[in-house]
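Shown next, in structure tokens, is the structure this report addresses.
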Amino acid sequence: MDKREAIVLTGKTRLRPILMTAMTTILGLSTMALGLGSGGDMLSPLGIVTIGGLIYGTLLTLFIVPILYDIMHKKPIREIDVGEVE
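What the sequence shown shows, in the working numbering, is residues 15 to 100, in sequence order.
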């Protein structure tokens, strides 16, 4: 398996858990961002900024980090023969 295949396979494997975690957190923070409840006026900016940072971090994790790894890691990965498994 070459480097790009490994990056794509890992991205496909980790996509759903990362998105599920981010979406549940965003939905949980949406009441804070909308300013509902007591003290909502004061906490609304905090909720908006937290949701924005979570979206940014999720996109960074899913797309930018693998792309930068592919660009910066030029040394070829050796394939190691592990032999027969008993």
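C-beta: ideal position from N, C-alpha, C; glycine also.
Residue 89, DSSP secondary structure in three states: The answer is coil: DSSP assigns residue 89 none of H, G, I, E or B.
Going by beta-carbon coordinates alone, are residue 39 and residue 68 separated by less than 8 Å? For residue 39 and residue 68, yes; Cβs fall inside 8 Å.
Assigned secondary structure, residue 8 (DSSP; H/G/I helix, E/B strand, else coil): Lying before the first or after the last residue shown, residue 8 is absent from the chain, which here runs from 15 to 100.
Do residue 64 and residue 32 count as a contact pair if the criterion is CB distance below 8 Å? No, the pair does not count as a contact, with Cβ atoms beyond the cut-off.
From 20, 25, 56 and 61, pick the residue whose C-alpha is nearest to that of residue 78; which is it? Across the set 20, 25, 56 and 61, the C-alpha of 25 shows the shortest separation from the C-alpha of residue 78.
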